[in-house]
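Here's the structure, in structure tokens; my notes come after.
Number of protein chains: 2
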Amino acid sequence: MERGLLPYFFGRSSVYMSPARTTSGAPISSIGRGIAVLACFSARFRSLTLSELSAKSKLPMSSTHRVVAELVTGGFLVRGNDKRYRIGTRLWSIAQLAPVSEQLRERSLPTLARLYEETGENITLAVLDRGQALYVDRLVGERSIPSVARAGGHLPLHTTGVGKVLLAYQPKENIEKYLSRPLQRPTPYSIADPVRLLAELTEVRAQGYSVTRQEMTAGSGSVAVPIMRGGRAIAAVGVVAHLAKLDVNRLVATLTAAANTIAHELEDDH
Amino acid sequence: MERGLLPYFFGRSSVYMSPARTTSGAPISSIGRGIAVLACFSARFRSLTLSELSAKSKLPMSSTHRVVAELVTGGFLVRGNDKRYRIGTRLWSIAQLAPVSEQLRERSLPTLARLYEETGENITLAVLDRGQALYVDRLVGERSIPSVARAGGHLPLHTTGVGKVLLAYQPKENIEKYLSRPLQRPTPYSIADPVRLLAELTEVRAQGYSVTRQEMTAGSGSVAVPIMRGGRAIAAVGVVAHLAKLDVNRLVATLTAAANTIAHELEDDH
DNA sequence: AGCCCGGTTCCGCTCAATGGAACGGGGGCT
DNA sequence: AGCCCCCGTTCCATTGAGCGGAACCGGGCT
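So the protein sequences, as listed, match chains V and A.
Residue numbering for the first sequence follows this note's numbering, starting at 4 and increasing by one per position.
Residue numbering for the second sequence follows this note's numbering, starting at 4 and increasing by one per position.
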């Protein structure tokens with residue numbers, strides 16, 4: 004029954020200098036830790052070991068172990084035969100209820116499928132999310148260019164077709180805020196000069212579509228149009244193809260029709 | 004500076020009978036609570052208010068409030084203009100890294116799109132998950148039947164085309180375990196008799212495809228085939244259509260070809 | 001004006017969560 | 001084989017983060 008009056012003379016708890024959560028700089032909540040662990044996964048790291056999670060999340064091994072165990076029992080993580088952790092179906096299943104998936108993706112999909120069949124090229128659908136283009140879905144053909152875009156992934160606004168459209172239709176202040184930050188240049192063709200970019204955005208808004216040429220990936224270009232709703236561009240559809248095969252006029256026509264169909268589809272309930 | 008020696012004579016903390024988490028029957032961890040809150044969302048409830056979350060999760064209002072606030076700062080929940088909570092894009096974004104999405108869905112999508120264009124009917128792709136058919140994706144046409152299946156949703160194995168295929172190719176013991184539990188009957192045509200069902204599963208395995216007629220929804224039927232890999236059915240593709248329009252032979256041929264294409268597609272890396 | 005109801009804030013009380021340390025165990029290198 | 005190293009697991013004393021009842025707030029409806 005005695006407790007708390009242990010050694011003090013020989014090793015052990017004499018060095019017990021760091022209790023609970025004083026050591027770690029940031030006092031994150033339990034739930035925050037759970038999220039931090041889940042956020043360790045990325046396109047490059049779709050499966051991770053416990054120690055990798057511990058390293059990436061900056062959490063001590065024992066803490067990581069406990070958090071991960073709870074996420075596993077909750078079905079948010081699964082451990083494969085290779086002893087590596089992956090995102091679980093439970094998490095995925097819940098995520099499908101996100102508006103972006105349930106309302107936008109599902110309803111657009113048939114139209115995207117038709118677009119894919121008509122063009123035979125990569126089709127992408129994206130929305131603006133946290134200052135980046137969030138790819139809501141994509142359709143990649145066997146013969147089409149390998150695209151960096153990935154469903155669920157983020158890419159810069161100024162180097163992608165869909166991104167430029169989404170940015171162009173933003174209120175002036177948001178555009179200026181975006182331009183004020185330093186802009187990445189994934190390729191030598193990327194437009195990072197605020198003045199040039201602003202001019203191009205004005206043009207995009209005027210003509211109703213955007214074009215990119217090797218601004219994200221060498222050798223490929225893209226065309227994109229907005230999906231309008233209530234005067235705002237709520238999403239963008241685009242085609243990514245070999246630079247040489249990029250028939251802008253034809254694609255603009257096809258894309259605009261598809262965008263209208265989707266916009267119409269979204270009108271329905273609520 | 005004084006503390007802990009307050010009233011005791013007049014109201015207040017004299018009734019302080021329930022500390023920390025003694026009241027609630029189950030001693031759930033913080034992370035468990037976070038998951039419990041997220042799990043309140045469903046196809047019927049894609050947006051919820053705080054009190055609804057509190058009621059569904061069986062957590063006290065104040066606790067729910069705190070948990071929800073943490074999920075919001077983590078981007079796992081968002082609060083809309085209507086003050087209702089929804090699943091956030093951050094959660095969705097991470098979820099796309101789940102194997103079921105990244106490896107199965109994305110790779111199958113082009114083939115599903117083609118299938119959709121060829122048939123003009125509802126296309127579904129599902130895997131076995133927690134004793135149910137988990138719909139990995141679906142394509143619904145404007146003119147095709149409204150389907151109950153929803154990407155991310157679960158349906159019983161014995162009342163759906165894809166479900167019967169998935170169950171049929173399971174090891175004998177799993178089949179028996181499934182049959183030993185009481186089976187739902189969404190429609191009068193649903194097969195809930197273990198003996199009849201077992202016979203049908205054997206037939207499915209023999210002929211390589213399954214057929215349902217009004218077993219899940221009145222007026223509609225379906226055909227489905229397995230996607231095989233290493234001798235196991237890792238997924239199933241199906242078509243749902245009006246009962247009258249269900250041309251089984253033609254669909255089996257089309258679906259089998261598509262399933263082979265997908266299976267081949269999955270062979271690649273790892 | 002009064003009421004109700006969803007939501008927010010407050011606060012004293014603990015116990016669940018914490019992380020250092022010790023322990024296991026498998027696989028690769030010598 | 002023997003060794004070591006690294007990944008993972010278990011243990012445990014400590015305490016502050018999480019807890020939930022209660023009071024408070026504000027807007028819509030009666």
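Backbone N, C-alpha and C define an ideal beta-carbon position, used for all residues, glycine too.
Residue ranges of uninterrupted beta strand (DSSP E) with 3 or more members, entirely inside the segment 70–129 of chain V and ordered along the chain, are 80–82, 88–90. For the pair residue 117/V and residue 261/V, the CB atoms are nearer than the 9 Å cut-off.
With a cutoff of 9 Å on beta-carbon distance, residue 179/A and residue 194/A are scored as not near each other.
At a cut-off of 9 Å, the C-beta of residue 38/V has a neighbouring C-beta in chain A. Per DSSP, residue 49/A lies in no beta strand (DSSP E) and is assigned neither H nor E. With contacts defined as CB atoms closer than 9 Å, residue 92/A and residue 132/V qualify as a contacting pair. Within the segment 127–141 of chain A, the residues whose Cβ lies closer than 7 Å to any Cβ of chain V are, in chain order, 132, 137.
Between residue 127/V and residue 243/V a beta carbon distance of about 6 Å is seen, short of the 8 Å cut, so the two are scored as contacting. Each of 204/V, 168/V, 159/V, 202/V was checked against the Cα of residue 184/V, and the nearest Cα belongs to 159/V. Taking 9 Å as the cut-off, the Cβ atoms of residue 215/V and residue 171/V do not count as close.
Beta-carbon to beta-carbon, residue 151/V and residue 264/V are separated by about 27 Å, too far to satisfy the 8 Å threshold. A contact between stretches requires three or more CB pairs, one per stretch, nearer than 8 Å, and the segment 32–50 of chain A meets this requirement with the segment 62–79 of chain V. A Cβ-Cβ contact shorter than 9 Å links residue 74/V with residue 34/A. Contact between residue 57/V and residue 87/V does not hold, since their C-beta atoms are separated by about 14 Å, which reaches or exceeds 8 Å. A contact is defined here as three or more CB-CB pairs under 8 Å, and the segment 159–169 of chain A meets this definition with respect to the segment 186–200 of chain A. Within the segment 45–68 of chain A, the residues whose Cβ lies closer than 9 Å to any Cβ of chain V are, in chain order, 45, 46, 48, 49, 50. In the DSSP annotation of this structure, residue 148/A is not part of any beta strand (DSSP E), being labelled neither H nor E. According to DSSP, residue pairing for residue 216/V in a beta bridge involves 224/V. Taking 9 Å as the CB threshold, residue 143/A lines the interface with chain V. Annotation: residue 246/V is outside any beta strand (DSSP E) and is labelled neither H nor E by DSSP.
The beta-carbon of residue 154/V is placed less than 9 Å from the nearest beta-carbon of chain A. Collapsing the DSSP output to three states places residue 143/A in coil.
Around residue 70/V, the beta-carbon contacts reaching into chain A at under 8 Å are 34. At least one CB of chain A lies nearer than 9 Å to the CB of residue 103/V. Taking the beta carbon of residue 120/A as reference, the chain V residues within 8 Å of it are 116, 117, 120, listed in sequence order. Against chain A, the beta carbon of residue 109/V has neighbours under 7 Å at 154, listed in chain order. Residues 207, 212, 213, 227, 228, 229, 236, 239, 241 of the same chain have their beta carbon placed closer than 8 Å to that of residue 168/A, with the five preceding and five following residues left out of the count. Residue 138/V and residue 256/A have their C-alpha atoms some 34 Å from each other. The shortest CA-to-CA distance from residue 189/V to any of 176/V, 175/V, 223/V is the one to 223/V.
By the CB criterion at 9 Å, residue 143/V and residue 174/A fall outside the cutoff. Going by DSSP, residue 41/V is part of the alpha helix (DSSP H) stretching over 33–41.
The bridge partners DSSP lists for residue 132/A are 135/A.
Cβ proximity to chain V below 9 Å picks out 73, 74, 76, 77, 78, 79, 81, 83, 89, 90, 91, 92, 93, 94, 95, 96, 97, 98, 99, 100, 101, 102 from the segment 71–102 of chain A. In this structure, the beta-carbon distance from residue 200/A to residue 186/A falls below 9 Å. Closer than 9 Å to the CB of residue 42/A there is at least one CB belonging to chain V. In chain order, 87 place their CB closer than 6 Å to the CB of residue 52/V, counting only its own chain and leaving out the 5 sequence neighbours on each side.
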